[in-house]
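So for the sequence shown, numbering that gives the first Met the number 0 puts the first residue at 0; every next one is plus one.
Quick reminder that beta carbons are idealized off the backbone N, C-alpha and C, glycines included.
I have placed the structure first, in the form of structure tokens, so that the comments after it can refer back to it.
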Amino acid sequence: MRSDVIKKGNSRAPHRSLLRATGQIRDARDFEKPFVAVCNSYCDIVPGHVHLQAFARVVKDAIRQAGGIPFEFNTIAVDDGIAMGHEGMRYSLPSRELIADAVETMIAAHCFDAMICIPNCDKIVPGMLMGAARANLPTVFISGGPMRAGMDASGNKVDLITVFEGVGKQAAGEISEARLLELEEVACPTCGSCSGMFTANSMNCLCEALGVALPGNGTILATDPRREELARCAARQVMSLLADNVRFGDIVTPDAIDNAMALDVAMGGSTNTVLHVLALAHETGLEYPVSRFNEVAERVPHLTKISPAWDGDRQWHIEDVDAAGGVQAILAELALKPGTLRLDARTVTGKTLGQNLEGMINRNRDCIRPVANPHAARGALAVLFGSLAPEGSVIKVGAVDAHQMVFRGPARVFECEEDAVNAVCAGDLEPGCVVVVRNEGPRGGPGMREMLQLTSMLKGMPLGADIALITDGRFSGGSRGLCIGHVAPEAAEGGAIGLVADGDMISIDLGARKMDLEVDEDEMAVRRAGWEPPAAKYQRGWLSRYTRMVTNASRGAVLA
């Protein structure tokens, strides 16, 4: 066993003495058993994580019953919703790197034999995935589970995005302060990751398709008793993987990533998944260019429209997907179309993806469309290229209204998110314009802040249906509409988005996957000659180091 390095032989008597002091060694025979890391992310400030301390105890008890010795450690966790709209959001994406480093450090320093990861929200899932890729141990992911959707006094389902968009509606005079307060009080009724197909739930669902989590991981609610039983199964399964020496890298292959992205574009996941999958591929040493996302989307139909998207006048939530059969039901529908999935990919169940899907049925063909009757023939995420984004940009095309699939308008340029928000509040935007928010990329931000406040305010106002938004920053998984992010190269590295001037015409064709700046090359050459890189916003601390080391979105915003 790998852990023998710290527990075998006379020279390791001091190590064993310290291990006895942890209380995890209850008998001398425990030194003969595998040491299993339980990588948790409990904290009191993130609703998706407040229950994970008790949840981890279920996992640890099951590991011990299965013949392992559990050792729990914690990572940090940033709540994107609470960090939204202020300086704290600059720390969210960078926290992913700290989490990956923490996982790598704890596993390497203590010679664990296997690992269970307990993430749930925002950057914790991808951070742990990246750390697991570096550690390359037998590993199973078991998330804390999604939140139940809220319910207002009229019986309508609501969620966090309802509140964010309510801020814009209240500012526009469409709803009262009393209505906004009602939404605030009922939108987030339980612990768990927010109830729509936002970034956290997107990533937890992707873990199933990727093969690193058991079926049910993405959709069984945090408060459902089945969640604890899934945790026990995960504990037993990691011991089985250890016995068979099946490591993380044996499961996470290009085919597995294709399966994850097939699910993503079929269910209309968060645009942030593109960023995180690129980062995971980097950590596993795999070549997975951003253009491959479009190749997957070409063969994968769009089957579900989950909040923040609307399915006509209905809005589905994660609990509805679970009732319909969960992620496995979506994958089973996709499997009916030959070539859509890599069905021989390995998973932590010990079976292939195809074997996992045997006997699965779709119990709600309104929530999860049959593959023969999709919302669209192509997947719900798209990477746009063109003169404004030579290295790519990302949009959740499945959450865009049909009348905005082709858009052309004059640029209205803002140097930061706050300036754009102030313009929205002041009524200082014209219908038909293209709002360009730059210097918000990984390096320029720094931290590539999510702009849910801005997108929600726009969608909460009538003006939002007639405006496009482009940025080198990113959007929350809760954003919808003609919002194009991850523009690369970013402004801070001399990308075309940094050279756009007010009034420049920008054309967008989502069907053609194109986005162009209609400025001739001679004028662009003049602008490039006059461009100077902006001064770094931070001269000390973590964000100063992050600014110097981070790459752009087309490379997953990993550190170089």
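query: Unbroken alpha helix (DSSP H) run spanning Val-162, endpoints; result: 159 to 170
query: Close-in-space but distant-in-sequence residues of the same chain around Val-295 (CB under 8 Å, 5 per side omitted); result: Asp-257, Met-260, Ala-261, Val-264, Gly-378
query: Buried or exposed (CB count within 10 angstroms, at least 16 for buried), Pro-145; result: buried
query: Continuous alpha helix (DSSP H) stretch holding Thr-138: start and end; result: It is not in any alpha helix (DSSP H) - Thr-138 instead sits in the beta strand (DSSP E) that spans 138 to 140.
query: Spatial neighbours of Thr-21 in its chain, beta-carbon cut-off 8 Å, leaving aside the 5 residues before and after; result: Phe-70
query: The stretch 84 to 104 / the stretch 220 to 228 touching (three or more Cβ pairs under 8 Å); result: no
query: First and last residue of the uninterrupted beta strand (DSSP E) at Ser-306; result: Here Ser-306 belongs to no beta strand (DSSP E), and DSSP marks it neither H nor E.
query: Beta carbon of Leu-453 nearer than 8 Å to that of Val-412; result: no
query: Simplified DSSP state of Ser-2, which is helix, strand or coil; result: helix
query: Rounded Cβ spacing between His-50 and Cys-120 (contact assumed at less than 8 Å); result: With 8 Å as the limit, His-50 and Cys-120 do not qualify as a contact, their Cβ atoms being about 12 Å apart.
query: Inter-residue spacing [alpha-carbon to alpha-carbon] between Leu-487 and Ser-16; result: Correcting the residue identity first, residue 487 is Ala in this sequence and not Leu. Roughly 53 Å separates the two Cα atoms.
query: Assigned secondary structure, Trp-315 (DSSP; H/G/I helix, E/B strand, else coil); result: strand
query: The stretch 423 to 432 contacting the stretch 387 to 404, beta-carbon criterion three pairs below 8 Å; result: no
query: Enclosing beta strand (DSSP E) for Pro-69 [first to last residue]; result: 68 to 73
query: Bridge partner(s) assigned by DSSP for Leu-468; result: Val-434, Cys-482
query: Where Met-150 falls, given that 16 or more other Cβ within 10 Å makes a residue buried; result: exposed
query: The stretch 272 to 287 contacting the stretch 125 to 133, beta-carbon criterion three pairs below 8 Å; result: yes
query: Spatial neighbours of Leu-462 in its chain, beta-carbon cut-off 7 Å, leaving aside the 5 residues before and after; result: Leu-428, Pro-430
query: Identified DSSP bridge partners for Gly-385; result: Ala-388
query: Boundaries of the alpha helix (DSSP H) in which Asp-515 is found, first to last residue; result: Unbroken run through Asp-515 is the beta strand (DSSP E), 513 to 516; no alpha helix (DSSP H).
query: Euclidean distance between Cα positions of Phe-34 and Ser-290; result: 41 Å
query: Buried or exposed (CB count within 10 angstroms, at least 16 for buried), Lys-156; result: buried
query: Nearest-angstrom Cβ-Cβ length linking Asn-551 and Glu-449, presumed shorter than 8 Å; result: The pair is not a contact, with the Cβ atoms about 17 Å apart (cut-off 8 Å).
query: Where Ser-175 falls, given that 16 or more other Cβ within 10 Å makes a residue buried; result: exposed
query: 8 Å contact criterion, which Ala-328 and Asn-355 should meet: CB distance rounded; result: The pair is not a contact, with the Cβ atoms about 12 Å apart (cut-off 8 Å).
query: Same chain, Cβ closer than 6 Å to Met-456, five either side skipped, listed in chain order; result: Gly-167, Val-423
query: Inter-stretch contact (C-beta, 8 Å, three-pair minimum) for the stretch 79 to 89 and the stretch 56 to 63; result: no
query: Check whether Ile-123 and Ser-40 have beta carbons under 8 Å apart; result: yes
query: Test item: CB-CB of Ile-160 and Gly-195 under 8 Å; result: yes
query: Ordered list of alpha helix (DSSP H) runs contained in the stretch 232 to 257, each at least 4 residues; result: 247 to 250
query: Nearest neighbour of Gly-248, chosen from Pro-441, Val-382, His-281 [CA to CA]; result: His-281
query: In chain order, each alpha helix (DSSP H) run of at least 4 residues that lies wholly inside the stretch 69 to 126; result: 79 to 82, 91 to 109
query: Three-way DSSP call (helix, strand, coil) for Ser-192 in this model; result: strand
query: Option nearest Phe-111 by Cα separation, candidates Gly-66, Gln-23, Gly-215, Ile-5; result: Ile-5
query: Ala-535 versus Asp-471: straight-line alpha-carbon distance, rounded; result: 16 Å
query: Contact set for Glu-414: own chain, Cβ-Cβ below 6 Å, skip 5 residues either direction; result: Asn-438
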